[in-house]
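Protein sequence lines correspond, in order, to chains H and D.
If you're matching positions, the first sequence starts at 11 in my numbering and goes up one per residue.
If you're matching positions, the second sequence starts at 41 in my numbering and goes up one per residue.
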Amino acid sequence: GAVVSQHPSWVICKSGTSVKIECRSLDFQATTMFWYRQFPKQSLMLMATSNEGSKATYEQGVEKDKFLINHASLTLSTLTVTSAHPEDSSFYICSARDFGELFSPLHFGNGTRLTVT
Amino acid sequence: KNQVEQSPQSLIILEGKNCTLQCNYTVSPFSNLRWYKQDTGRGPVSLTIMTFSENTKSNGRYTATLDADTKQSSLHITASQLSDSASYICVVSAGGGSYIPTFGRGTSLIVHP
């Protein structure tokens, strides 16, 4: 089945540095990918929709200059957390849908645990 | 505004018991509804999909129902196992070509031995 690979699975960084998270669709092309943030014991919160070849669409309240999204190819989207602060510590998950498959489910990556010290 | 409401927020049951999770939605136009299972620290995995014309669908011990008239869905888990402990998320996708998903907040299920 369709697989979405997310890397790294966990990262620890110092406050003020930037962190890049990659999301790859391994066996299908994804014109659209989604990025989520999840705090402990809470549901997924959609941060932005990543569109291949165009600008990402950010949800209300998400700073686009802080969470940079690049979707340069049909199989890769990246999320860069710039100038990270401890409050950015969270679980970040990406998902992608195979638009070549009718009613395709969202295929999720296994998430990235970000800890900012 | 498209919304998906899930209940209960959390549930604790004993191993071997059955349970039912609820999902109400206001997404329009409706395309499909999926139930996902999310284990702690992992990405969600699809359990079932329900389209407009489907009322019931089973996947092993999981049975999902859909009432498109009342815009309600349920996920029934039979003979629960410890491995069923997870968060169950209802996701409803809009139609009209966009298929933009709307997420419920999830139900946290804990199965005790």
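Glycine included, every Cβ here is placed at the ideal spot set by N, Cα and C.
Treat the numbers as computed from the prediction; the structure is a model and nothing was measured.
Should D/T105 and D/Q43 be called a contact, given that it needs their Cβ atoms to be closer than 9 Å?
-> Taking the first residue of the second sequence as position 1, residue 105 of chain D is located at position 65. Taking the first residue of the second sequence as position 1, residue 43 of chain D is located at position 3. For D/T105 and D/Q43, no; Cβs fall outside 9 Å.
Name the chain H residues whose beta carbon is nearer than 8 Å to that of D/V151?
-> As a position in the second sequence, residue 151 of chain D is number 111, starting the count at 1. Within 8 Å Cβ-Cβ: nothing; D/V151 doesn't reach chain H, min ~17 Å.
What residues in the segment 75-101 of chain D have a beta carbon less than 9 Å from any beta carbon of chain H?
-> Y76, Q78, G81, R82, G83, P84, V85, S86, I89, T91
Opening and closing residue of the beta strand (DSSP E) in which D/R101 lies = For this step, residue 101 of chain D is matched to residue 61 along the second sequence. Taken as a continuous stretch (DSSP letters only), D/R101 belongs to no beta strand (DSSP E), as it is neither H nor E.
Is the Cβ-Cβ distance between D/Q112 and D/Q49 less than 9 Å?
-> Here residue 112 of chain D refers to the residue found at position 72 when the second sequence is read from its first residue. Here residue 49 of chain D refers to the residue found at position 9 when the second sequence is read from its first residue. Cβ distance not < 9 Å, so D/Q112 and D/Q49 don't count as in contact.
Between the CA atoms of H/S100 and D/P69 - distance to the nearest angstrom = Start at 1 with the first residue of the second sequence, and residue 69 of chain D comes out as number 29. Start at 1 with the first residue of the first sequence, and residue 100 of chain H comes out as number 90. So the two alpha carbons sit approximately 33 Å from each other.
So which residues on chain H does D/F143 lean against when the C-beta distance must stay under 9 Å?
-> As a working note, residue 143 of chain D is residue 103 in the second sequence. Going along chain H in sequence order, the residues near D/F143 (Cβ under 9 Å) are Y46, S53, L54, M55, L56.
Taking C-alpha atoms, which residue in D/G81, D/G135, D/A126, D/V132 lies nearest to D/I150?
-> Translated into the one-based positions of the second sequence, residue 150 of chain D becomes position 110. Ranking D/G81, D/G135, D/A126, D/V132 by Cα distance to D/I150 puts D/A126 first.
Using a beta-carbon distance below 9 Å, is H/P115 in contact with chain D?
-> Numbered from its first residue, the first sequence carries residue 115 of chain H at position 105. Yes, H/P115 counts as interfacial toward chain D.
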